[in-house]
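Under the UniProt record's numbering, the residue at position 202 of the sequence shown is numbered 202, and the numbers go up by one with no gaps.
Reviewing the structure listed below.
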Amino acid sequence: MFSLRAATRGVSGLRAFSTTRMLQSELAYQVFGPENGQAVRDPILILHGLFGSKQNNRTIGKALARDLKCQIFALDLRNHGQSFHAPEHNYGAMAEDVQEFIQQQKLDKCVLIGHSMGAKAAMAVALRAPERVSALIPVDNAPVNAALKSDFPKYVRGMQKIEAEKVSKQSDANKILEDYEESLPIRQFLLTNLIRSEEDNTLKFRVPLSIIGGSLDRMADFPFKESDNLQYNGPTLFVRGTRSKYVSDDTVPAIKKFFPNAQIADVEAGHWLISENPEAFRQGNGLLPTIINSMLCLHHIYSGREVFGVDIIGTHIIGVDRWSRDFRV
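So this is what it looks like as C-alpha cells:
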C-alpha cells in the first residue's frame, strides 16, 4: 500500500514499462509501472483535458512510474481518444466512468491527477467517493461554475471546417486552423485528434465534434454546489498557470469549502501547461516536478515538520495550512 508518509526508497530491478488496453465497453487506457509489479505506492490515474487523450500523458506517466515506483493509468475519458462516444457529456457521467474504472481495476485507493476538464472530473470523483482517493491534484481548474474561454467554441468551429473541407494533409488542416488559433503549440495539440478516414482517405477528428460542441456549457459548470455540504478531506494540491484565469484568487473560498486541506501551487504557464511550454515542463518549471516534489512536501508535513511557503523547483506553494498529524492517506 502506498502512503504519502512513506519515505522514498530505492527498489532495485525496476524499470518503467507500458501497456495499452481498452475495456470492452468502457474507458481506453495506458498503464505504466514497475515491470516486476513491485509497486510501493498507490496507483495514479491521470485524466486529460478537453480535446486531450491518454497520448498527451505518456511522458509524464513514464516518468512518474519510474520516479515514484507505482502504476500510472493514463485514461481516455468518454468522447475522447479511443474511448467510447456517448451523447451524455458532463462531469457526473465522467466521474461515474472513472469510479467504474477504479472498481474494475480492483484498485483500493488511487491518486487522481486531472487537467482542465479532467481536473473537474477528478474533483467530482473525490467528492463522490472520497474513500477511494488517497490524494487529489487538479491542474488549472476550480470547483466553480465559470464560463469557458471563447476559444473553445472557436476551436470546435475550426475543427468542423477542417472536416467540411475534406483535407488530406495535416499541413492543410493546420492552415485552416490558423484562422481560429494563432498559437502553433495549441494548434498542434488540437490536431493530435486527427485520424484518416478509411472511406475516402481524408482527415477527420476522432472526437465527436457535435457532442463536444453541444456540451461546452456543461464543461463550464461544476456538478456540486457549496450548499451540498460535500467535502474531500484528503491531501489536495491545486496547480494553476500564472497566465491563466481558470483558478483566480476569487475561487479560493470555493476550493477551501470542498477541499479543506487544499494547497495552491503557481506554475509559470498558461492554461495549456504542457502544450504551451514543453521545454520549461521538461526542464523543471512545470507540472511534473511540482507533482513529485509536492508529494514529498506532503510527506514532510505529515511527518510533523510544519512547512509554510515552500519553494519547489520554480514553483511556490501559497496558502499552506497546517495538516493534522492524525490524518491518514
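Glycine residues also receive a C-beta, built at the ideal position from the N, C-alpha and C atoms.
Margin query: At the level of alpha carbons, what is the spacing between N229 and A129?
Written below: For N229 and A129, the distance between alpha carbons rounds to 14 Å.
Next item on the list: Please classify L127: is it buried, with 16 or more other beta-carbons within 10 angstroms of its beta-carbon, or exposed?
Entry: buried
Notebook entry, point to check: Closest to R243 by CA distance: which of Y232, D249, A269, V252 is it?
Noted result: When only C-alpha atoms are compared, the closest one is A269.
Note to self: Between A262, G214, D217, which has its C-alpha nearest G234's C-alpha?
What the structure shows: For the set A262, G214, D217, the Cα lying nearest the Cα of G234 is the one of A262.
Check: Leaving out five residues before and five after K204 in sequence, what residues of the same chain have Cβ atoms less than 6 Å from its Cβ?
Finding: The beta carbon of K204 lies closer than 6 Å to those of E163, S197 in the same chain, with the five residues before and after it left out.
Next item on the list: Reducing DSSP to helix, strand and coil, say where Q283 ends up.
Entry: Note that Q283 scores a pLDDT of 46, beneath 50, so its modelled location is shaky; the value from the coordinates is reported in the next line. DSSP places Q283 in helix when its eight states are reduced to three.
Note to self: Does the contact criterion of 3 or more C-beta pairs under 8 Å hold for the stretch 133 to 151 versus the stretch 201 to 221?
What the structure shows: Because the criterion of three Cβ pairs below 8 Å is met, the stretch 133 to 151 and the stretch 201 to 221 touch.
Notebook entry, point to check: Do G81 and Q55 have their C-beta atoms within less than 8 Å of each other?
Noted result: Yes, these two residues count as a Cβ contact at 8 Å.
Next item on the list: Flag this pair as yes or no: are the beta carbons of L112 and I137 separated by less than 8 Å?
Entry: yes
Check: Among G241, S248, Y232, which residue has its Cα nearest to the Cα of P260?
Finding: Y232
Next item on the list: Rounded to whole angstroms, what's the CA-CA distance from E165 to K62? Just pull it up for me.
Entry: 37 Å
Check: Opposite R196 in the DSSP bridges: which residues?
Finding: R196 pairs with L203.
Margin query: Taking the beta carbon of D200 as the centre, do at least 16 other beta carbons fall within 10 Å, making it buried, or is it exposed?
Written below: exposed
Next item on the list: Compute the Euclidean distance between the alpha carbons of K175 and D140, then round it to the nearest angstrom.
Entry: Take the alpha-carbon of K175 and the one of D140: they are about 29 Å apart.
Item checked: Cα-Cα separation, K257 to H89 -> About 26 Å.
Checklist line | Own chain partners of T236 with C-beta closer than 6 Å, once the 5 adjacent residues on each side are dropped | finding: L136, F259, N261, A262
Notebook entry, point to check: Shortest alpha-carbon distance to H115 belongs to which of V40, I255, G241, S248?
Noted result: G241
Checklist line | Cβ neighbour criterion (16 or more within 10 Å) applied to P253 | finding: exposed
Notebook entry, point to check: Tell me the DSSP bridge mates of L190?
Noted result: The partner list for L190 (beta bridge, DSSP) is empty, contrary to what the question assumes.
Checklist line | Where L136 sits in the DSSP three-state scheme | finding: strand
Next item on the list: From the DSSP output, in three-state form, read off L112 for me.
Entry: strand
Next item on the list: Go through its chain and collect everything with a Cβ distance to P223's Cβ below 6 Å, but skip five positions before and after it.
Entry: Y91, G92, A124.
Note to self: What does the Cβ neighbour count give for S134, buried or exposed, with the cut at 16 atoms within 10 Å?
What the structure shows: buried
Margin query: Suppose the cutoff is 6 Å on Cβ atoms and the five residues either side in sequence are ignored; what does the same chain contact list for S83 look like?
Written below: L27, A28, D76
Checklist line | Distance CB(I212)-CB(N57) smaller than 8 Å | finding: no
Item checked: CB of G158 within 8 Å of CB of G49, strictly -> No. Outside cutoff.
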